[in-house]
Amino acid sequence: MIQFTNVNKAYIGARRPVLQDISFHLPAGEMAYLTGVSGAGKSTLLKLIMGMERVNGGKILFNGHDITRLPKRELPFLRRQIGMVHQNYALLTDRTILDNVALPLIIMGIKQSIVQREARIALERVGLENKTHYFPMQLSGGEQQRVDIARAIIHRPQLLLADEPTGNLDEKLSFDILRLFDAFNQSGTTVLIATHDTNIINQSSKVCLGLENGHLKRIS
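So the sequence shown is residues 1 to 220, counted in the UniProt record's numbering.
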């Protein structure tokens with residue numbers, strides 16, 4: 001599914017590269033955690049997979065295709081295979097949660113009747129089928145995170161990326177959210193979660209990759 005080979009990423013003006021000689025493989029159907037302190041490069045690594053950032057060296061394969069060489073016009077086709085969950089939810093406050101969840105399919109130009117059906121299915125999968133006409137500010141933090149997850153899975157991606165999805169939630173809500181990711185993984189979706197939450201990592205049997213000083217190592 002994902003193969004990093006000797007990947008380097010640096011920003012102009014930074015004292016050192018944020019990612020140095022990163023190599024790892026995440027097979028299809030697996031679930032893994034990516035950990036490290038704030039600023040360690042977790043978000044950057046996820047952005048490289050999404051094609052939102054470009055490498056300075058090395059290679060990234062997604063399903064055998066080198067995405068580091070993709071022209072910009074082909075990036076939307078890559079992103080249709082990937083779902084992204086954000087820490088800050090990134091919801092449109094003037095739209096209902098049904099409209100927020102439907103947005104990726106609307107952008108793809110999918111028929112409206114299909115969009116509505118798939119949005120409702122996605123909300124049902126995260127337990128919000130009874131709140132389709134609520135607005136984001138009417139929901140709790142945990143519910144807003146579920147909306148973001150529903151939006152990320154509406155197009156049935158092969159790969160689900162999550163950037164600190166429990167960063168704003170208490171311990172109980174955090175584990176509720178993680179159970180959702182585990183359920184998606186059990187249904188065949190490959191999942192990579194960036195987190196600095198040691199409670200989550202310590203209680204998980206999944207593969208854990210750690211970023212420190214730009215280098216990546218397997219923790220468990």
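Heads up, the beta-carbon is just placed ideally off N, CA and C, and yes, glycines get one too.
Beta-ladder partner(s) of residue i, from DSSP
i                : result
phenylalanine 24 : Phe4
histidine 215    : Glu212
phenylalanine 62 : Ile2 and His65
aspartate 197    : For aspartate 197, which the question treats as bridged, DSSP gives no partner whatsoever.
lysine 9         : Leu19
threonine 189    : According to DSSP, threonine 189 bridges with nothing at all.
leucine 98       : DSSP output for leucine 98 lists no bridge partner at all.
methionine 31    : Val191
residue 223      : Residue 223 lies beyond the stretch modelled for the chain, which goes from 1 to 220, so this question has no answer here.
valine 207       : Ala32
Range of the contiguous alpha helix (DSSP H) that encloses residue i
i                : result
alanine 150      : 141–153
lysine 172       : 171–186
arginine 117     : 112–125
phenylalanine 77 : 75–79
methionine 50    : 42–50
Exposed unless 16 or more other CB atoms sit within 10 angstroms - verdict on residue i
i              : result
leucine 92     : exposed
histidine 86   : buried
isoleucine 107 : exposed
tyrosine 89    : buried
tyrosine 11    : exposed
residue 256    : Given that the chain is displayed from residue 1 to residue 220, the structure contains no residue 256 and the question cannot be resolved.
proline 76     : exposed
valine 37      : exposed
serine 174     : buried
glutamate 212  : exposed
glutamate 143  : buried
glycine 83     : buried
heavy atom of the ligand COA below 8 Å from residue i C-beta
i           : result
arginine 80 : Inclusion of the ligand COA in the displayed structure is not the case, the ligand content being empty and no account of it being possible.
Of the listed residues the options, nearest to residue i (C-alpha basis)
i              : options                          : result
asparagine 100 : Lys72, Arg73, Lys131 and Arg218  : Lys131
leucine 192    : His133, Ala150, Glu171 and Leu26 : Leu26
leucine 98     : Leu139, Glu171 and Arg69         : Leu139
tyrosine 134   : Val147, His215 and Val126        : Val147
arginine 69    : Met52, Gln81, Arg80 and Ile82    : Met52
asparagine 8   : Val55, Gly141 and Arg218         : Val55
N-terminal and C-terminal residue of the beta strand (DSSP E) that residue i is part of
i             : result
isoleucine 82 : 82–85
Does the stretch 183–200 touch the stretch 41–48, meaning 3 or more C-beta pairs lie closer than 8 Å?
-> The stretch 41–48 vs the stretch 183–200: in contact.
Is the stretch 156–169 in contact with the stretch 46–66, if contact means three or more CB pairs nearer than 8 Å?
-> Three or more Cβ pairs drawn from the stretch 156–169 and the stretch 46–66 lie within less than 8 Å of each other, which places the two stretches in contact.
Does the count of Cβ pairs from the stretch 175–192 and the stretch 28–38 closer than 8 Å reach three?
-> By the C-beta criterion, the stretch 175–192 is judged to be in contact with the stretch 28–38, since at least 3 inter-stretch pairs fall below 8 Å.
Do the stretch 110–120 and the stretch 59–79 meet, that is, are 3 or more Cβ pairs less than 8 Å apart?
-> no
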